[in-house]
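Residue numbers for the sequence shown follow our numbering, so the first one is 268 and each next one is one higher. Ideal Cβ positions, reconstructed from N, Cα and C, are used throughout, including at glycine.
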Amino acid sequence: MKIVDLTHFISEDMPVYPGTEGPKFTPANSYEVDGFKETLMTMYTHTGTHMDPPAHLFAGRTTLDQFPVSQFAGVACVIDCSDLQEGQQITMDYVNRQREAAEKAEFLLFSTGWEEYWGTERYFGDYPCIDQEVADFLIQEGKKGIGLDTIGLDPIADTNLTLHKKLFRDSEIVIIENLENLKELRGQSFTFCGLPLKHKDADGSPIRAIALLEV
């Protein structure tokens, strides 16, 4: 079995969504004073490679801890849309190129190539986003999740989070943002696993996302 890590490192200088404070790592105990090392880690629930549930936007909807653990693993396929330019949309044409795999998959992961800009200002630019028809497909097919190698599902300028709201209003789906290494998996199907932290009333959580491939 081959395992591909799909998760960005968490660090104090990592990219975070505009207006959000970055993570902090504060020494709490040291070898010299306490005989062991421990660090106080402070960060938002939507830091780095992370997962959003419906409760992220809608009160009373499903939080991550209310999902069964099976929600976070399943068959995934990576849709290659790396030829898209800034501001262009991911349409059903891209899904239809891998239609059979997309219908079988529980997670659709979209490789835009934007992971190459992680750590630069361009990462916060006009990255490609799915269109309304793709969102409808995800809802109608009852997918467990959608994942992207960008900082958001919605365009950076859409403060209304229109696509988030559409998916969360009409389905029990999770949204995974800031994936990496999808470029290694374009056109492939595999077992995806992205486990959030298990904490109460989770409106989101960093995850360790991996792809498991049979070799």
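Once DSSP output is grouped into helix, strand and coil, what is the label at residue i?
{"i": "Val336", "result": "helix"}
{"i": "Lys269", "result": "strand"}
{"i": "Met359", "result": "helix"}
{"i": "Leu324", "result": "coil"}
{"i": "Val233", "result": "The structure shown has nothing for residue 233, since the chain only spans 268 to 482."}
{"i": "Glu299", "result": "helix"}
{"i": "Leu484", "result": "The structure shown has nothing for residue 484, since the chain only spans 268 to 482."}
{"i": "Leu452", "result": "helix"}
{"i": "Phe276", "result": "coil"}
Could you spell out the range, first to last residue, of the beta strand (DSSP E) harbouring residue i?
{"i": "Thr429", "result": "Where Thr429 is concerned, there is no enclosing beta strand (DSSP E), although the alpha helix (DSSP H) it sits in stretches over Thr429 to Asp437."}
{"i": "Glu444", "result": "Val441 to Glu444"}
{"i": "Glu447", "result": "That residue, Glu447, is in no beta strand (DSSP E); it is neither H nor E in DSSP."}
{"i": "Glu305", "result": "Glu305 to Thr309"}
{"i": "His317", "result": "His317 to Asp319"}
{"i": "Ile413", "result": "Gly412 to Leu415"}
{"i": "Leu375", "result": "Phe374 to Ser378"}
Can you check whether the CB of residue j is closer than 9 Å to the CB of residue i?
{"i": "Leu449", "j": "Ser337", "result": "no"}
{"i": "Thr442", "j": "Ile474", "result": "The sequence shown places Ile at residue 442, not Thr. Cβ distance not < 9 Å, so Ile442 and Ile474 don't count as in contact."}
{"i": "Ala368", "j": "Lys410", "result": "no"}
{"i": "Leu331", "j": "Pro463", "result": "yes"}
{"i": "Glu444", "j": "Asp319", "result": "yes"}
{"i": "Leu480", "j": "Leu452", "result": "yes"}
{"i": "His275", "j": "Glu447", "result": "yes"}
{"i": "Cys344", "j": "Tyr361", "result": "no"}
{"i": "Asp416", "j": "Trp381", "result": "yes"}
{"i": "Phe485", "j": "Thr306", "result": "Residue coverage of the chain in this structure runs from 268 to 482, which leaves residue 485 outside it and unanswerable."}
{"i": "Phe457", "j": "Ala476", "result": "no"}
{"i": "Leu405", "j": "Leu375", "result": "yes"}
{"i": "Gly454", "j": "Gln365", "result": "yes"}
{"i": "Tyr390", "j": "Ile418", "result": "yes"}
{"i": "Phe339", "j": "Gly471", "result": "no"}
Starting from residue i and walking both ways along the alpha helix (DSSP H), at which residues does that stretch end?
{"i": "Asn296", "result": "Segment Lys291 to Asn296 is the beta strand (DSSP E) holding Asn296; no alpha helix (DSSP H) there."}
{"i": "Ala402", "result": "Gln399 to Gln407"}
{"i": "Arg475", "result": "First-last for Arg475: Ser472 to Leu480, but that is the beta strand (DSSP E), not the alpha helix (DSSP H)."}
{"i": "Glu370", "result": "Arg366 to Lys371"}
For residue i, is the beta carbon positioned less than 8 Å from some heavy atom of the ligand NAD?
{"i": "Trp385", "result": "In terms of ligand content, the structure shown is empty, and the ligand NAD therefore cannot be addressed."}
Q | Segment contact flag, the segment 351-361 with the segment 389-399, C-beta cutoff 8 Å, min 3 pairs | A | yes
Q: Pair every Cβ in the segment 426-444 with every Cβ in the segment 316-324, then say whether three or more of these pairs are closer than 8 Å.
A: Yes, the segment 426-444 touches the segment 316-324.
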